[in-house]
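Read in order, the letters of the sequence shown are residues 7 to 972 in the numbering used here.
Note that CB positions come from ideal geometry on N, CA and C, so glycine has one too.
A short write-up of the structure that comes next.
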Amino acid sequence: MRKRSWLQFPHVLPAKGALSIGLLAAIVAVAATYATSQVDTEQIDVEIVRSDPINVPADFAMRVRLTAITPDEPTTIKWRYGGEGQGGNVIRGMFHKTGVPVDAADEDHRLQTGQWSAPLPVASLAPRFPKKLFLTVTAGNPGKVVDRITRRRGEYSTDVVFQFEFTYQGKVVKTFQVNGPDGGTATILIPAYRLVGDTKPDSREFLDELTGVLEYATRRAESLEDLPWADWPLPKKYAIVNNAGGYGVGSGYGIRTTDKAVTYAELRSLRQLGVNGFRSPPEFIMEVLASGGREAKKWNRAMLSHVMGFPVPSYRAGRQSDPQSGCPFGDDVAAVTKQQVDESLQSVLDLPVAEVWGLTVDEIGTVIDRSAEKKGHLAACPRCARGFQRWLQTKRLKPGDFGASDWSEVRPLNVWDKDSDRPWLHDRGAALAAYYTRDFNNYVTAMLFTELKNAFDDANRAKGQALARGEADTRVARQPWIYSFALRGNTFLMKGHSLDFFDFYRLADNAIVYETSNRGPRIWGWDSYLCDVQRVVAQKMNLAQGIYIKPHRGAPVQRMLSAVSRGDTMLYWYTYGPDYKKGDSFSQSDEALVLTSKAAHLLGKAEDVLYRSKWAVPAEVAVVKPETTQRWMNLSGNPPHLMAAWENAKWIYSALQHAHIPVDPIDEQILATEDLSQYKIIYASGSHITQAAASGLERYVKNGGTVYTSGWGLSRDEANGPLTALRPVLGLRQRNEPEMWYTVTLYGATRIESYSEPSKQIAPVPDGAQMVSGGLVQEALLPTIGREVLSPDAKTEVLASFADGAPAITRHQHGKGKVYVVGFFPGLEYSAPVRRDDYDMTRDLHATHRNLVAAPALKLTRPVVDASEPLVEGILLRNENDDTRGVTLANWAYRVSSIRQDPSGRRSPVVTHMPAEDVKITIRAAGDVRRVESCMLDQSLDFTSTGDTIVVSLPRLEEGDVLLLK
């Protein structure tokens, strides 16, 4: 194995060049999955795998002593684990002095240098052992803050050496030492997960892993450096950031080691994960970056830093609080905003990196949640009422629109009051006020960051102008590019959100960043949906794009490819930890480490083509999931038909994705105000839409566009009134509220429900609801969720019917265009077969169900990248700098291979990835191609060409690949 530059860091142990047992097992497990995944697609019996309980014997003990400490003085030795970022509560204890009662005062348990503590039964540490117990041990003077400005700590013990001894059945089985050069803190690993079955504490597999975190971190680095792709290039253009936590001086909150060598060992692992920048690095790493030397260049691509948050105080119950807490119109907001913007600029412009991504609010919610009244603040606050009235006037609304004679009568409503009788459901004026209250909530939060957005934009503009003038040596030219962002959850894909994913960025931030949180493999592909939202929003609003990818939530290769295929240039593997510092981290998962390393090296190999590339062929299909639908779903108390409409939209995207139809997600303002002529068809999936957006759709259809709507789509306006103006466009005489048979659960980031839970049944599905095969309906289908009985007018074509004769799908000509209306929830019906405990995505997502959604689009356009496997998503990208082209391929196919049962009897599915063999990739608009190379297989591929279309033969596709067209 070649020597790497890690060894230029001081204190790093030399690499041994051997895979750890854990990472080797992870690769073997993946290989085993590949070998067994191509099974018969009929019903399968899933194996139940039972896990043995962890057994820590009562006669397994440990003791500790210090062999060195400066200054040399007696000290207590304490232990703790949990909490402080590790999850759960902190559990604490002490290594007692032999012969002293355990309940004696702490000072009575002080030990001299070289004096062993009393033996401590390891089993007494925890009533229930985690798989890996990271035990932090402290001694000596913890130190204190000696500089209030820099927060530098001093007056702590140094050069501390801990020695640990473990005995089993009275016999010493292992002794090792852990150094604490910069303070009296050490962390060791007790690999309890090894103590199952017949494995005892004197076994080699247990003792090999019973060690300090320096050895633990070093072995992890060695394992990553021995992976098959470890010598491939790593990303230089993409910014990939991460944490290097755990180090500190002395002892205290969150400090797990005082040995820099541990952090340097972790940096070896981070490089193998493609990391070239940091979030909150330790002070000594900042010194390395500031030095500007050879090592600094490996880590100065980017930094993630905190900038200003909400410029309002927060209410705290039980404390004296500012009466204007949480108020976006508070008296001090303008002054505090200016101060925080100035401080934010000062904090980022001198950082020694190429880019700074400034985080404002982590997983941002509405500003008014910081008030005493929470979301009820808007209705209670006179300042917010005046702001509401001024804001409505900018929208050219009048008091009469709200049933009022004067603006003083128009106020925000407390639409979040769970005890409200919802007057907005019975009065149009109140309905409009309720709708705009929800809209105003988004506005008052976003507006607080406009000044920061503009300041960062101005700084970047100044840097760009200086570089354009050739003034590369000036301070302005040397300052980093800076981007402000509020971290968004993936709420667009879940139950809903206070802050819209389009309107928010019309006011706030110059970067759009979200974190992946979906845990279920069946919907991991939805990250492409939200990345598509990022792409469209960024293009229209000139934003940078970044993403937090959680590898331990699954599919890091596919999620990386999805993000970079849509323009993301900053990736944060969230978060490495390391695991002895942070509990919810991916460094604790060998499989996640292997796949993240694979993703990073694949990106490094392809980045010259991928970086800042764009779609070679613009999307000819748009999808709309109207924010108005979500607002009225919530305002109506989440009734079954509106929850079904909301969830249906997500699976409409999935059906189009699996049909390999690229789409642009757009919003109601784009519908209302922009030229839509690039789109041959728009899928409008939502019950409620603004009148302005409806007018935009009418113009679009009249001018030759096609609209597809379903699930009671396009029925109501923003005041919850009938969209009567659209009925002639849809070709319907009237709209009937859906008859519902099942209550769909709103997706909440974890599992997706089956559609066979008795408690969710509303009514039996009538026999007459069976859909008759023919036309779009390729085989008979009995819907499971509900239906709308359509009432077409005389000129509307009925494309499919239910068995009782009611129209199921209609098509209507309006002007030069057409409208498809589907009288059920085709997205949800597409998902229904895969909602089973033993799912196999390649078996359960049926082409006939998918056709109900995709067929109208496929009449008007064709895929740019069409794979022979539906769950393989391909994007053709063109780099505008040199006209090079590449195709990213993400394979989203998974299945349940077995069921794991833990000692308590709890069962959970074991999900494995399904590689595809002999995949045919058809690429149109490929250009003049002489050679196609697979980055992952590291080989040239066979292909045929006809005109500007090529068909590539890919022997094997695991999680993902990039094809370079040359």
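(1) Measuring straight from C-alpha to C-alpha, what distance separates T890 and V917?
(2) In the structure shown, what three-state DSSP assignment does L216 receive?
(3) With a cut-off of 8 Å on the beta carbons, I'd call S331 and S377 a contact; round off their distance for me.
(4) According to DSSP, is P127 helix, strand or coil?
(5) Assuming F168 and V179 form a contact by the criterion Cβ under 8 Å, report the distance between their Cβ atoms to the nearest whole angstrom.
(6) Applying the 10 Å Cβ sphere with the 16-neighbour rule, what's the burial state of L699?
(7) When you compare the CB positions of G371 and S504, do they come within less than 7 Å of one another, or not?
(8) Which of the three DSSP states, helix, strand or coil, is assigned to A110?
(9) Can you tell me which residues form a DSSP beta bridge with T894?
(10) From I60 to N524, what distance separates their C-alpha atoms?
(11) Nearest by alpha-carbon distance to L126: which of D78, P63, G89 is it?
(12) Select from A561, A661, T712 the residue whose C-alpha is nearest the C-alpha of G821.
(13) Which same chain residues, not among the five before or five after A550, have their C-beta less than 6 Å away from its C-beta?
(14) Residue range of the beta strand (DSSP E) that S716 falls in?
(15) Quick one: complete beta strand (DSSP E) runs, 3+ long, within the segment 472 to 557?
(16) For P798 and V563, I'd like the C-alpha separation in whole angstroms.
(17) Using only CA atoms, which one of E228, T854, R494 lies nearest to A661?
(18) What would DSSP say about L279, mapped onto helix, strand or coil?
(19) Going by DSSP, which residues form a beta bridge with N185?
(20) Find out if the Cβ-Cβ distance for the pair F980, D673 is shorter than 7 Å.
(21) Whole angstroms is fine: what's the gap from A124's alpha carbon to H102's?
(22) Which complete beta strand (DSSP E) runs does the segment 688 to 761 hold, if anything under 3 residues is left out?
(23) Could you tell me the alpha carbon to alpha carbon distance between N460 and Y520, rounded to whole angstroms?
(24) Comparing C-alpha positions only, which one of S779, L736, W718, T443 sits nearest to N640?
(25) By a C-beta neighbour count over all protein chains shown, 10 Å radius and 16 as the cutoff for buried, is R277 buried or exposed?
(26) Express the C-alpha separation of S571 and W621 in angstroms, rounding to a whole number.
(27) Let me check understanding here. Comparing Cα to Cα, which of V268, S691, E361, R906 lies closest to P486?
(28) Should P770 be counted as a contact of the ligand MG given a C-beta to heavy atom distance under 6 Å?
(29) Out of E228, T104, T451, state which residue places its alpha-carbon closest to the alpha-carbon of V339.
(30) Can you check which of these residues, T955, D944, L963, is closest to W235 by C-alpha distance?
(31) What separation, rounded to the nearest whole angstrom, lies between the Cα atoms of P239 and G610?
(32) For the 8 Å Cβ check, are there 3 or more pairs between the segment 903 to 919 and the segment 929 to 944?
(33) Can D846 and R901 be called in contact, C-beta distance under 7 Å?
(34) With a threshold of 6 Å on Cβ separation, who are the neighbours of L513 within its own chain once the five nearest residues in sequence on each side are excluded?
(35) Can you give the beta carbon distance from H664 to V871, rounded, assuming they're within the 8 Å contact cut?
(36) Helix, strand or coil: which one does DSSP assign to T950?
Once the coordinates are examined:
(1) 37 Å
(2) Here L216 sits in coil by DSSP.
(3) 5 Å
(4) Three-state DSSP puts P127 in a strand.
(5) Contact doesn't hold; Cβ gap of about 18 Å is too wide.
(6) According to the sequence shown, residue 699 is Ala rather than Leu. Per the 10 Å Cβ criterion, buried.
(7) In this structure, S504 lies closer than 7 Å to G371 by Cβ.
(8) coil
(9) I881, V968
(10) In this structure, the straight-line span from the alpha carbon of I60 to that of N524 is close to 30 Å.
(11) Ranking the options by Cα distance to L126, first place goes to P63.
(12) T712
(13) Y489, A517
(14) 712 to 716
(15) DSSP assignment within the segment 472 to 557 yields the following whole beta strand (DSSP E) runs of 3 residues or more, N-terminal first: 487 to 491, 517 to 521, 550 to 555.
(16) 47 Å
(17) T854
(18) Of the three classes helix, strand and coil, the one that applies to L279 here is coil, per DSSP.
(19) V167
(20) One cannot answer for residue 980 here, as it falls past the ends of the chain, which runs 7 to 972.
(21) 6 Å
(22) Counting whole runs of 3 or more residues, the segment 688 to 761 contains the beta strand (DSSP E) stretches 712 to 716, 738 to 740.
(23) 21 Å
(24) Taking only the C-alpha atoms, the option nearest N640 is T443.
(25) With 16 or more Cβ atoms within 10 Å of its Cβ, R277 is classed as buried.
(26) One Cα belongs to W621, the other to S571, and the distance between them is close to 8 Å.
(27) Minimum Cα distance to P486 is reached at E361.
(28) For the ligand MG, the structure offers nothing, since it holds no ligand at all.
(29) T451
(30) Of the candidates T955, D944, L963, the one whose C-alpha sits nearest the C-alpha of W235 is D944.
(31) 5 Å
(32) The segment 903 to 919 vs the segment 929 to 944: no contact.
(33) yes
(34) Within the same chain, and ignoring the five residues on either side of L513 in sequence, the residues whose Cβ sits closer than 6 Å to its Cβ are A452, M453, T456.
(35) For a cut-off of 8 Å, the C-beta gap from H664 to V871 is around 13 Å, too long to register as a contact.
(36) Per DSSP, reduced to three states, the secondary structure at T950 is strand.
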